[in-house]
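Number of protein chains: 2
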Amino acid sequence: MEHDATDLAPTDDLDEIERRLRMPLSEAMLTQRAVRRVRPDPVAPAVVRRLIELALEAPTGSNGQNWEFVVVTDRATKARLQAQYRRAWAVYGGLGERVRGDDPQTARILRSVRWQVEHFTEIPVLVVACLRGGSKLPYLPSPAVAASSHYGSIYPSVQNLLLAARAVGLGASLITLPLWSVTMARRILGLPLTVEPCCIVPLGWPVGRYGTKPRRPVDEVIHHERYGTAATGD
Amino acid sequence: MEHDATDLAPTDDLDEIERRLRMPLSEAMLTQRAVRRVRPDPVAPAVVRRLIELALEAPTGSNGQNWEFVVVTDRATKARLQAQYRRAWAVYGGLGERVRGDDPQTARILRSVRWQVEHFTEIPVLVVACLRGGSKLPYLPSPAVAASSHYGSIYPSVQNLLLAARAVGLGASLITLPLWSVTMARRILGLPLTVEPCCIVPLGWPVGRYGTKPRRPVDEVIHHERYGTAATGD
Numbered sequence: 411m412e413h414d415a416t417d418l419a420p421t422d423d424l425d426e427i428e429r430r431l432r433m434p435l436s437e438a439m440l441t442q443r444a445v446r447r448v449r450p451d452p453v454a455p456a457v458v459r460r461l462i463e464l465a466l467e468a469p470t471g472s473n474g475q476n477w478e479f480v481v482v483t484d485r486a487t488k489a490r491l492q493a494q495y496r497r498a499w500a501v502y503g504g505l506g507e508r509v510r511g512d513d514p515q516t517a518r519i520l521r522s523v524r525w526q527v528e529h530f531t532e533i534p535v536l537v538v539a540c541l542r543g544g545s546k547l548p549y550l551p552s553p554a555v556a557a558s559s560h561y562g563s564i565y566p567s568v569q570n571l572l573l574a575a576r577a578v579g580l581g582a583s584l585i586t587l588p589l590w591s592v593t594m595a596r597r598i599l600g601l602p603l604t605v606e607p608c609c610i611v612p613l614g615w616p617v618g619r620y621g622t623k624p625r626r627p628v629d630e631v632i633h634h635e636r637y638g639t640a641a642t643g644d
Numbered sequence: 411m412e413h414d415a416t417d418l419a420p421t422d423d424l425d426e427i428e429r430r431l432r433m434p435l436s437e438a439m440l441t442q443r444a445v446r447r448v449r450p451d452p453v454a455p456a457v458v459r460r461l462i463e464l465a466l467e468a469p470t471g472s473n474g475q476n477w478e479f480v481v482v483t484d485r486a487t488k489a490r491l492q493a494q495y496r497r498a499w500a501v502y503g504g505l506g507e508r509v510r511g512d513d514p515q516t517a518r519i520l521r522s523v524r525w526q527v528e529h530f531t532e533i534p535v536l537v538v539a540c541l542r543g544g545s546k547l548p549y550l551p552s553p554a555v556a557a558s559s560h561y562g563s564i565y566p567s568v569q570n571l572l573l574a575a576r577a578v579g580l581g582a583s584l585i586t587l588p589l590w591s592v593t594m595a596r597r598i599l600g601l602p603l604t605v606e607p608c609c610i611v612p613l614g615w616p617v618g619r620y621g622t623k624p625r626r627p628v629d630e631v632i633h634h635e636r637y638g639t640a641a642t643g644d
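First to last, the protein sequences are chains G and E. If you want my numbering, it's the position in the first sequence, counting the first as 1, plus 410. If you want my numbering, it's the position in the second sequence, counting the first as 1, plus 410.
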């Protein structure tokens, strides 16, 4: 489904933002995608605040709401995060090119990420989604499920942020590479040891259009009663 | 914001489902909440399939789409998962009551979860969201960010599932306790070692209404440039 995001012109009019946020749910989901190429023009703080407010409507384990969002617009801070991103990308992107560079879809993602790495300081807003340690209820008995429950308290809110960004016409993506060294990320963002940076959502008004989005057919991923019963399950 | 979910009567009419899925995005987010008390009446498989189809519109790391969804409606399988849930709840719920049972909001959640544990076999559909190991691109250099990126490839889709459930009027919640023993969960669901069960979304037509949802004020969780600058940041 090809949608034109350029018809959603940049705006800081909050009434217009609310109007756009009333986009039909299914349309927002169907046309959501990573949009990494964005303009350097500022995004109004009140718009970012509204998107984060909607992120807070998502669930957290035991309603702990142990989320924190650091909004970075300062160029010096972005440059320090960019240095981290560049370092991780030198390893990860290089490997990706060698291993999967011949696949056109992966090659397209790699090009788009490289653009983002190179232009990271020009992206107007970086939202760093974080989790504070310690929940309202005592912790889970199993390490594997504890980890899943932990991140299950931040990524639903991140998805709300991404869907809301799409509805208002902002380009957004979900990245973790600039945080590869959690120690460095904490230092750059002034985070105490009790606060873990989980991912970054760069935001800006898009350069181009929302394009198509390749997806596995649903019957390939639905298993009935037991695993292995999907149409082409493996 | 008090919304009445009971006006969305159970339906298996897919045109009506599509109509409901066009609920304004902001309204779906604002009225989403855990709805655990559901009726035993079946939910049409085509409706569950449509919700999962929308879940697949969410992002995954490097567009790996390494998700799998096991849809459980079989009573015997639900009973085995219930036994696991009960065991974890005996520890976790008991601790919760001792530590936070005097807080009215936590007490309400605990009551609602206890209902879910006791009626688990009567819940018509359990969707188990899973991740297959191995992504399309080589793995990340850091363990902490690797874990975050890993679960960041399933919870955005789970949030789509929850929002879509809310839009069509289905009660839904996000739970992990029945999976506390990943080994047992794998055995019950026939999952190979390469597939990790991450969480369960129980689905059913709700008994009651969607109620209010307590949230921290947004200015308490937004930090500007560096952590510790929120209105009441700690």
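Cβ coordinates follow ideal geometry from the N, Cα and C atoms, glycine included. Note that this is a predicted model, so its numbers are computed, not measured.
Complete runs of the alpha helix (DSSP H) confined to the segment 555–630 of chain E [at least 4 residues]: 565–578 and 592–599
Within-8 Å CB hit, GLN442 of chain G to chain E: Here residue 442 of chain G is taken as the residue at index 32 of the first sequence, counted from 1. Interface residue, yes.
GLU635 of chain E (DSSP reduced to helix, strand or coil): In the second sequence, residue 635 of chain E corresponds to position 225, counting from 1. Coil at GLU635 of chain E, not helix or strand.
Per-residue contacts from ASP665 of chain E into chain G (C-beta, under 7 Å): With chain E covering only 411 through 644, there is no way to say anything about residue 665 of chain E.
Cβ separation of VAL617 of chain G and VAL537 of chain G, assumed to be a contact under 8 Å, to the nearest whole Å: Walking along the first sequence from the start, residue 617 of chain G turns up at place 207. Walking along the first sequence from the start, residue 537 of chain G turns up at place 127. So it is not a contact: roughly 19 Å between Cβ atoms.
Simplified DSSP assignment, three categories, for ARG446 of chain G: Along the first sequence, one-based indexing puts residue 446 of chain G at 36. In the structure shown, the three-state DSSP call for ARG446 of chain G is coil.
Where THR416 of chain E falls, given that 16 or more other Cβ within 10 Å makes a residue buried: As a first step, residue 416 of chain E must be located in the second sequence, where it is residue number 6. Confidence in THR416 of chain E is poor, its pLDDT being 48 and thus under 50, which makes the residue's placement unreliable; the coordinate value appears in the next sentence. THR416 of chain E should be labelled exposed.
Beta-carbon proximity list for GLU467 of chain E, same chain, < 7 Å, skipping 5 on both sides: Residue numbering aside, residue 467 of chain E sits at position 57 when the second sequence is read from its first letter. Here the set comprises ASN570.
Test item: CB-CB of VAL578 of chain G and VAL457 of chain G under 8 Å: By one-based count along the first sequence, residue 578 of chain G stands at place 168. By one-based count along the first sequence, residue 457 of chain G stands at place 47. At a Cβ-Cβ threshold of 8 Å, VAL578 of chain G and VAL457 of chain G count as neighbours.
Distance between beta carbons of VAL592 of chain G and VAL555 of chain E, contact taken as under 8 Å: For the purposes of this step, residue 555 of chain E is taken as residue 145 along the second sequence, with counting starting at 1. For the purposes of this step, residue 592 of chain G is taken as residue 182 along the first sequence, with counting starting at 1. About 7 Å; that satisfies the 8 Å criterion.
Bridge-paired residues (DSSP) for TRP477 of chain E: Taking the first residue of the second sequence as position 1, residue 477 of chain E is located at position 67. Bridge partners of TRP477 of chain E: E:LEU541.
Of the listed residues G:SER558, G:GLN526 and G:THR483, nearest to ASP451 of chain G (C-alpha basis): Position 41 of the first sequence, counted from the first residue, corresponds to residue 451 of chain G. Comparing Cα-Cα distances from ASP451 of chain G to each of G:SER558, G:GLN526 and G:THR483, the minimum goes to G:THR483.
Contacting residues, own chain, Cβ-Cβ under 7 Å from ILE598 of chain G (five flanking each side not counted): By 1-based counting over the first sequence, the position of residue 598 of chain G is 188. Excluding the 5 residues flanking it on each side, ILE598 of chain G has same chain C-beta neighbours closer than 7 Å at THR487, ARG490 and LEU491, in chain order.
Residue of G:HIS529, G:ALA498, G:GLY471 and G:SER522 minimising C-alpha distance to TYR502 of chain E: Position 92 of the second sequence, counting from 1, holds the residue named residue 502 of chain E. Comparing Cα-Cα distances from TYR502 of chain E to each of G:HIS529, G:ALA498, G:GLY471 and G:SER522, the minimum goes to G:GLY471.
Integer Cβ distance of LEU385 of chain G from VAL509 of chain G, believed to fall under 8 Å: With chain G covering 411 to 644 only, the question about residue 385 of chain G has no answer from this structure.
Sheet register partners of PRO434 of chain G (DSSP bridge): Position 24 of the first sequence, counted from the first residue, corresponds to residue 434 of chain G. Answer is E:PRO434.
Reference SER563 of chain G, options G:VAL527, G:THR531 and G:CYS608, closest by Cα: By 1-based counting over the first sequence, the position of residue 563 of chain G is 153. Ranking the options by Cα distance to SER563 of chain G, first place goes to G:CYS608.
Proximity to ARG496 of chain G [Cα-Cα], best of G:ALA575, G:PRO588 and G:LEU584: Position 86 of the first sequence, counting from 1, holds the residue named residue 496 of chain G. Checking every option, the nearest Cα to that of ARG496 of chain G belongs to G:PRO588.
VAL535 of chain E - partner residues in DSSP beta bridges: Mapped onto the second sequence, residue 535 of chain E falls at position 125. Bridge partners of VAL535 of chain E: E:LEU613.
Distance between LEU424 of chain G and GLY543 of chain E (C-alpha atoms, nearest Å): Here residue 543 of chain E refers to the residue found at position 133 of the second sequence. Here residue 424 of chain G refers to the residue found at position 14 of the first sequence. The alpha-carbon atoms of GLY543 of chain E and LEU424 of chain G are separated by roughly 43 Å.
Proximity test, Cβ basis, 8 Å: VAL605 of chain E and chain G: Within the second sequence, numbered from 1, the residue matching residue 605 of chain E stands at position 195. Chain G, which has a Cβ nearer than 8 Å to the Cβ of VAL605 of chain E, makes this yes.
Below-8 Å beta-carbon distance, PRO534 of chain G vs any chain E residue: One-based indexing of the first sequence puts residue 534 of chain G at position 124. For PRO534 of chain G, the answer is no, since every Cβ of chain E falls outside 8 Å of its Cβ.
Residue span of the alpha helix (DSSP H) that contains GLU528 of chain E, given as start and end: In the second sequence, residue 528 of chain E corresponds to position 118, counting from 1. Where GLU528 of chain E is concerned, the enclosing alpha helix (DSSP H) starts and stops at 514–528.
Proximity test, Cβ basis, 8 Å: PHE479 of chain G and chain E: Translated into positions along the first sequence, residue 479 of chain G becomes position 69. So yes, PHE479 of chain G belongs to the interface.
Limits of the unbroken alpha helix (DSSP H) element including VAL453 of chain E: In the second sequence, counting from the first residue as 1, residue 453 of chain E sits at position 43. It is not in any alpha helix (DSSP H) - VAL453 of chain E carries neither H nor E in the DSSP assignment.
Between the CA atoms of TYR561 of chain E and GLU428 of chain E - distance to the nearest angstrom: Translated into the one-based positions of the second sequence, residue 428 of chain E becomes position 18. Translated into the one-based positions of the second sequence, residue 561 of chain E becomes position 151. So the alpha carbons of these two residues sit roughly 29 Å apart.
Helix, strand or coil at PRO548 of chain G [DSSP, three-state]: Mapped onto the first sequence, residue 548 of chain G falls at position 138. Residue confidence is low: PRO548 of chain G scores 46 on pLDDT, short of 50, so the model does not pin down where it sits. Its coordinate-derived value is still stated next. Looking at PRO548 of chain G - three-state DSSP - the assignment turns out to be coil, as it is neither helix nor strand.
Beta-carbon contacts of TYR637 of chain E that lie in its chain and below 6 Å, excluding the five residues immediately before and after: As a position in the second sequence, residue 637 of chain E is number 227, starting the count at 1. For TYR637 of chain E, where only same-chain residues beyond five positions count, there are no Cβ hits under 6 Å.
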